[in-house]
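Quick note on the numbering used here: the sequence shown kicks off at 1 and runs consecutively.
We put the CB at the ideal spot given by N, CA and C, even for glycine.
To start, the structure itself, in structure tokens.
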Amino acid sequence: MLILQAHADGCDYIYQYSDDAQFLPSSKDWPLVMLADFKVRHDFGVWGLSDTNNPTTMTLGATSRAHIDLQGWFWPPILKNWYSDNYIQEVYGPEFSPHYADKNFHNTQTYGQRYAQCDHNLEMWLSIVISRARALTWSIDALPEWTPYFTNLLR
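Right, dumping it as structure tokens:
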């Protein structure tokens, strides 16, 4: 709900943050890098730092208004918790999901694991397919040269 309120209030970029995340010195300029990357990608896709505890998954990501405009959410409401990070990283594929190994934060896990794992793989993959189809539709008008890329994501 907070993300949708930020969107309604006119925020151009939304960064998912957690109260147990600690930015590391390597990421001191991350807002400038993020904005430059979004500009190159027409404010489309997702962007993230590397979590020292889970470097292969974008556990905290950022999007522009375009993502919320297109998808209607940051994550699909059907994804309750566990794999929502995977969703945001998978939707746009590697070209539109830069995830920087040299820009880090550390999840201190101050409060430990806060919720039980919820395996909903079918719901996640269906959400990804629907969101990728929306991205393909967007690309046809906004970035026609990228249409083959988004078409391949649906295969």
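Taking the beta carbon of residue i as the centre, do at least 16 other beta carbons fall within 10 Å, making it buried, or is it exposed?
| i | result |
| --- | --- |
| residue 61 | buried |
| residue 72 | exposed |
| residue 154 | exposed |
| residue 135 | buried |
| residue 80 | exposed |
| residue 1 | exposed |
| residue 140 | exposed |
| residue 111 | exposed |
| residue 83 | buried |
| residue 51 | buried |
Can you give the beta carbon distance from residue i to residue j, rounded, assuming they're within the 8 Å contact cut?
| i | j | result |
| --- | --- | --- |
| residue 29 | residue 64 | Not confirmed; about 19 Å, so no contact. |
| residue 90 | residue 130 | Not a contact, Cβ separation roughly 12 Å. |
| residue 68 | residue 123 | Not quite, the Cβ-Cβ distance comes to about 20 Å (not below 8 Å), so this is no contact. |
| residue 102 | residue 26 | 6 Å |
| residue 92 | residue 75 | Residue 92 to residue 75, Cβ: 13 Å. No contact. |
Does the Cβ-Cβ distance between residue i and residue j come in under 8 Å?
| i | j | result |
| --- | --- | --- |
| residue 99 | residue 48 | yes |
| residue 142 | residue 42 | yes |
| residue 105 | residue 21 | yes |
| residue 149 | residue 95 | yes |
| residue 85 | residue 59 | yes |
| residue 70 | residue 125 | no |
| residue 53 | residue 107 | yes |
Of all the CB atoms in chain B, is at least one closer than 8 Å to the CB of residue i?
| i | result |
| --- | --- |
| residue 89 | The displayed structure is made up of one protein chain only, and chain B is not part of it. |
List the DSSP bridge partners of residue i.
| i | result |
| --- | --- |
| residue 162 | The displayed coordinates of the chain run from 1 to 155. Any statement about residue 162 would go beyond what the structure contains. |
| residue 5 | None; residue 5 has no bridge partner. |
| residue 14 | 63 |
| residue 21 | 107 |
| residue 54 | 51 |
Query raised in the report: Taking the runs of the beta strand (DSSP E) that are 3 residues or longer, which of them lie wholly in the region 86-139?
Result: 99-107
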